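Just so we're aligned: the sequence shown equals residues 199 to 1147 in the numbering used here. We put the CB at the ideal spot given by N, CA and C, even for glycine. Bear in mind that the values here come from a model prediction, so they are computed numbers and not experimental data. One structure below.
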Amino acid sequence: MISDDEDVLPKITDMIICHQRQQLYLKKQMASAQFLREEGNKHFKSGDIDGAISCYTQALDLGDLKETDKAIIYKNRAACHLKKDKFSAAVQDATASLEIVPDDPKALYRRCQAYEKLNKAEEAYKDAAALMKSDPKNTAVQPILKRLNPIIQEKVKEQSSTSSKVAQMFNFTFDPNCEKEKRLNAANNLVVLAKEEAGAKFISEQNGVAKLKQLLEERDPDIIQASLRTLACLSQGSKERSKQILEQIELKRIGFLIAEKNNRVSTSATFLLEKLLVALTDLELYRAKVQHYKDERKQGNPCIWPKFEMTEEQQSLTDHVFTMLSKMIENAKVSASGRDNVIELIIKYITRETGLHWTRKFLDTEGLDGLLAVASAIKQHETCTLPISDSTKMHSSVCMSKIYDDLRSDKERDLFKEKCSNFFKELFSDDLYESKVEAIKAVSTLLQGPYEVGNVILSFEGVTDIMLHLASSKNPLHQQVAVEAIVHSASRRISLIKEADDQVKVRALVGLCKLGSAGGSDASDKQLAEGSTMTLAKVCRKFLVNPSKDIEIRRWATEGLAYLTLDADIKEELVNDTPALKSLIEVTTASDKNVLYPAATVFVNVTNSYDVKDVEPELVELAKFAKQHVPEKHDLDKPEHIKARVHKVAEAGVCSALVALCNTDSIASRELISRVYLAIATEEDLRGLIVQQGAAKALLKLAIENNTEKGLIKASHALAKLSITMNPQTTFPGQRMYELVRPLLSILHLECTALENFEALLALTNLSSISESVRKRILAEKGFSKIEHYMFEEHELLKRASTECMCNLVMSEEVVKLFEGENDRVKLLVLYCGDEDDALLVRAAAGSLAVLTHSEIVCKKVLEVKPHMEMLQSLLVNENVEIQHRGCYIMSNLINSSKEIAEKLLEGQMLEILMAISILKEPERQRGKELCEQCLKKAIEYGIIKPNK
């Protein structure tokens, strides 16, 4: 017994010491968190919102905080997000606070404000009502309730209307005796109704998920697709409905539907799974944090990559989804379209940046082996058991590239290479000849993705010999595989095999095209003999218009032209070859995604919409003196030839062809499309064609989302050009006109060119003249400060354009208040009114003052500017009728504002000028005459002058 006690005592002692250490650690943590919280409060009070957010975030990251302290910090950070107009983040933090302390007045109020800004009236009203219940004396929330009450009443009416529509559609959809066409129309109408929150809510309440599940058991693919689309709309933005769908439909069932042979059913099922993942894992909020991180880094602010935190339930869901998808990659029962959809879904959500952090899982499981198996599959082989499409290999290549690029350390990259090496060693060591063919096919795929890994495999002993052996084979399929691998591995001369079929020839042709394009657009640097590239281009065009219309041959031919069209002679031949040009546009609209990038590259080359650095003539002469090579511009790349090519391409229908491609996930391709659209929009007489062919809407998408930085600028610049010469109300109807504001403001940036700045200002001038709601949108997007910045520019055109834009903005009361504040804004306009060199600048500044001087505060500010008398006199006696009229209007406003101002103005020559204008007889100056007569009558009323008897 004694020995037992002796064994227990040390253990108890250790436990006590451990507990004491934990308590000490906890106290330090709490002290540190308290310090950070107080620092955050100080930053907030001083106006340093970014500093406050940083302190609050660090405090939350410390871990073991009291729940009440967490609630306060979340609530404080929500206030910071509101100040920064990051309303989604404010909702998230206020919700986190309310989960700890329900009905907290400040958290409710802040979430209510954020919801209202996000146009979520119903949620905002609920929070406002809850706040009034918990704190009836709260006066701050009362104006919000007044604003929201009519909106909610309207929504109730709309909801009752929606509920009757849903009930009617239910009756038709779930009636097996109803005609198929009628049922299908009703099912598709349910999709539309489910997109609206009121409709989605009613469908869910009427046991809609269970009913839609029944439709999934039917054989008609159209009905199944409509059901899946409705379920996807129901899950959008709703965790509750998403959980309901997942519980009733089950993940396994969704997987079976993704594996279906029917492409539409498979795609719709994949879309449903995607919506469920986003809704149930808070991915949108995480992506917003990532975007915030990127924005802060761009501005040079230090910040930490956001954590993607998941609950056990969320982690379990994503693990199950990953397991299912990774198994489906290599499952022979999955259809070709299903496999493509699975890999595409993985591409979207695999990385740290896009959300689910599945990268490492591919190395720890058989996921990477599955992708390599897909990469090695050759559907023409009898032994191939995996159904694949023409796009499957490209999908697997992109996916492997995403995984490799997202790995965080050399150790992980070495593991990736090791797994790939083991896979290829197994194939190469196999006695079957077909296994070696499959290995070379997989090498070709790797070289298009993580090429660094592909090069490692190429360095294996005997791989090059196998490739060359296959290239000389009599089997056309083996020749294709080998030549394709050689093309992707290096730009070397490849002899066209005379006995080979077109599939082999066209692949070898691309290799020669790569070599022929080595000099780029430099007319003086050509790798092949004179006329060789022209011959290659002719062969490519021949394959492009081949009678069989084989998409694979046309894709390779397009890729060859993508290299060759850097040569101006080849550009001219292509645009003048009508069948080839039309065939190229036809290829662009094909469903094969692999053809998109090379086709877009051809159009960029033909329109010369790539970036070209202007070289100073002095530097050219210096380079020649130093006997350095100087690139030469081809005569056919002069502006008049480029303009002619742009017209031919546009008139051939490229605008409408590119519209269909704007939904691509490839940001590189989206940039190329943006460049082509800008080249066409540069020609004023083609802008109507762009709108006519539906490209305006596509451009708006390209300018807002999923594009490179260059691509966003190019698309925004094209939008500016359209908005300058065309009515934005017809070009961008409805909500699109408001969406136009952000891209236009995005190119009011110092890193953009003066032309981009200037045309953006002109477009914003046009937009701001339309309505008060548009002006409010410009102000809400922080446009005022950006536009005002250019009023101080030395560049005359930028200064004038920004002042003209301001002339329209001042019609907004919010802008008038900004001019009434303690600043020199009014003074700047007064000084511009006296500019003797730029009549258009004077007109714009005078127009702004004509509106602003309705404010008595602004009138007083005008008189504080020393040369105000000279400015007013110069406006009143100006030869330009419009400027004179604006001057008279300003004078009328000033005199009508107060007797004191009128007395100061009507000293000296000013009275004589007014009297002189009041007797003018020219018809065009009658408006100014009437204003001056009113000024004189007001002066008589004040008793400053006496009437002329």
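Thinking C-alpha only, which one of the options is nearest residue i?
| i | options | result |
| --- | --- | --- |
| residue 979 | 250, 247, 282 | 282 |
| residue 461 | 420, 508, 1037, 535 | 535 |
| residue 567 | 549, 513, 609, 623 | 623 |
| residue 859 | 892, 1024, 303 | 892 |
| residue 1125 | 917, 1083, 795 | 1083 |
| residue 939 | 952, 954, 958 | 958 |
| residue 974 | 996, 1013, 1002, 952 | 1013 |
| residue 324 | 309, 773, 663, 654 | 309 |
| residue 590 | 932, 575, 604 | 575 |
| residue 767 | 795, 803, 744, 756 | 803 |
| residue 1067 | 1043, 519, 1102 | 1102 |
| residue 1026 | 1059, 781, 904, 490 | 1059 |
| residue 517 | 896, 238, 563 | 563 |
| residue 645 | 1113, 884, 785, 592 | 592 |
| residue 754 | 924, 734, 773 | 734 |
| residue 255 | 244, 243, 230 | 230 |
Check whether the Cβ atoms of residue i and residue j lie closer than 7 Å to each other.
| i | j | result |
| --- | --- | --- |
| residue 945 | residue 966 | no |
| residue 570 | residue 597 | no |
| residue 594 | residue 572 | yes |
| residue 642 | residue 585 | no |
| residue 1090 | residue 1054 | no |
| residue 408 | residue 401 | no |
| residue 1037 | residue 1078 | yes |
| residue 466 | residue 426 | yes |
| residue 464 | residue 456 | yes |
| residue 1046 | residue 1086 | no |
| residue 470 | residue 523 | no |
| residue 1028 | residue 1056 | no |
| residue 898 | residue 868 | no |
| residue 615 | residue 654 | yes |
| residue 556 | residue 545 | no |
| residue 478 | residue 420 | no |
| residue 922 | residue 961 | yes |
| residue 807 | residue 874 | yes |
In three-state terms, what does DSSP make of residue i?
| i | result |
| --- | --- |
| residue 886 | helix |
| residue 604 | helix |
| residue 555 | coil |
| residue 461 | helix |
| residue 721 | Reliability fails at residue 721, whose pLDDT of 43 lies under 50, so the model's placement of it is uncertain and the value that follows must be treated cautiously. Looking at residue 721 - three-state DSSP - the assignment turns out to be coil, as it is neither helix nor strand. |
| residue 1094 | helix |
| residue 697 | Bear in mind that the predicted position of residue 697 carries a pLDDT of just 38, short of 50, making it unreliable; the figure below should be weighed with that in mind. Coil. |
| residue 924 | coil |
| residue 675 | helix |
| residue 1077 | coil |
| residue 651 | helix |
| residue 941 | helix |
| residue 660 | coil |
| residue 1129 | helix |
| residue 508 | coil |
| residue 256 | helix |
| residue 993 | coil |
| residue 371 | helix |
| residue 688 | At residue 688, the pLDDT of 49 sits below 50, so the modelled position is not reliable and the matter cannot be decided from this model. |
Would you grab the beta carbon distance between residue i and residue j for me? Rounded to a whole angstrom, and I think it's under 8 Å.
| i | j | result |
| --- | --- | --- |
| residue 665 | residue 683 | 6 Å |
| residue 651 | residue 679 | Actually they do not touch by this definition, with Cβ atoms about 19 Å apart. |
| residue 286 | residue 483 | 7 Å |
| residue 741 | residue 751 | 5 Å |
| residue 348 | residue 329 | About 19 Å separates the two Cβ atoms, so there is no contact after all. |
| residue 872 | residue 919 | Not really, about 12 Å apart at Cβ, beyond 8 Å. |
| residue 799 | residue 870 | 6 Å |
| residue 1117 | residue 1074 | The pair is not a contact, with the Cβ atoms about 14 Å apart (cut-off 8 Å). |
Counting only beta-carbon separations shorter than 7 Å, does residue i have a partner in chain C?
| i | result |
| --- | --- |
| residue 806 | The structure shown has no chain C; it contains just one protein chain. |
Say yes only if the C-beta of residue i is nearer than 6 Å to one or more non-hydrogen atoms of the ligand COA, and no if none qualify.
| i | result |
| --- | --- |
| residue 767 | The model depicted lacks the ligand COA and carries no ligand whatsoever. |
Whole runs of the alpha helix (DSSP H) within the segment 280 to 356, excluding any shorter than 4 residues: 285 to 298, 303 to 315, 319 to 332
Segments of 4+ residues assigned as alpha helix (DSSP H) that fall wholly inside the segment 410 to 457: Taking 4 residues as the minimum length, the alpha helix (DSSP H) runs contained wholly in the segment 410 to 457 are 419 to 433, 437 to 447, 449 to 456, in order along the chain.
4-residue-minimum alpha helix (DSSP H) runs that sit fully inside the segment 997 to 1021, ordered along the chain: 1011 to 1018
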